[in-house]
Amino acid sequence: MKFENTGIENQTAELSRLDELMKSLGFVRAGQWDYERVTYDRKFEVKGDVYYLRVQGYAIEGEVDTRYAVIKLLTPLLGKHYYPHGVEYGEGENFPSSLVSQCQSLLAQVKEGLAKINA
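Position in the sequence shown counted from 1, then plus 1213, gives you our numbering.
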């Protein structure tokens, strides 16, 4: 599921400040990066099912491994994890409305945090 028009798509932020913001909201980057891309995940467990809110971005300046990079964010995604196959983001997935609301709230907080970073 794509969360369109959240206000974070195409926003930019310096990597270390973005890392701090996302960590403060419970997102994990861990090893999910390469020299040009980053992925932040927030895990949810609802009634035995596992879901991930994913915010991805790519470097428009610098490289991720140098800790100096400017990241441009993409449209956030919500997916359901299926063991052992991975995460599905398809339109055919059904997501609990309470989870969708929680994700929308988190994305609004990301937007607010980005506004402070870029002020």
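We treat Cβ as the ideally placed atom computed from N, Cα and C, and that holds for glycine.
The structure presented is a predicted model; accordingly, all values stated were derived computationally and were not measured.
Residue i, DSSP secondary structure in three states
| i | result |
| --- | --- |
| residue 1232 | helix |
| residue 1293 | strand |
| residue 1226 | strand |
| residue 1330 | helix |
| residue 1306 | coil |
| residue 1243 | coil |
| residue 1217 | coil |
Rounded straight-line distance, which links the Cα of residue j to that of residue i
| i | j | result |
| --- | --- | --- |
| residue 1252 | residue 1294 | 16 Å |
| residue 1310 | residue 1264 | 13 Å |
| residue 1234 | residue 1258 | 22 Å |
| residue 1230 | residue 1299 | 29 Å |
| residue 1316 | residue 1280 | 27 Å |
| residue 1297 | residue 1266 | 19 Å |
Residues near residue i by beta carbon distance below 7 Å, same chain, minus five either side
| i | result |
| --- | --- |
| residue 1219 | 1289, 1320 and 1324 |
| residue 1239 | 1255 |
Nonlocal neighbours in the same chain, by C-beta distance under 6 Å from residue i, ignoring five residues either side
| i | result |
| --- | --- |
| residue 1224 | 1286 and 1327 |
| residue 1244 | none |
| residue 1228 | 1282 and 1284 |
| residue 1322 | 1238 |
Proximity test, residue i beta-carbon vs the ligand SAH heavy atom, cut-off 7 Å
| i | result |
| --- | --- |
| residue 1328 | The model on display carries no ligand, and the ligand SAH is accordingly not part of it. |
Element boundaries [beta strand (DSSP E), containing residue i]
| i | result |
| --- | --- |
| residue 1263 | 1262-1276 |
| residue 1254 | 1250-1259 |
| residue 1287 | Residue 1287 -> no beta strand (DSSP E), and no H or E assigned at all. |
Own chain, CB closer than 8 Å to residue i, minus 5 neighbours either side, in chain order
| i | result |
| --- | --- |
| residue 1276 | 1248, 1249 and 1282 |
| residue 1214 | 1290, 1291, 1292, 1302, 1304, 1306, 1308 and 1313 |
| residue 1331 | 1224, 1225 and 1226 |
| residue 1271 | 1249, 1250, 1251, 1284, 1285 and 1287 |
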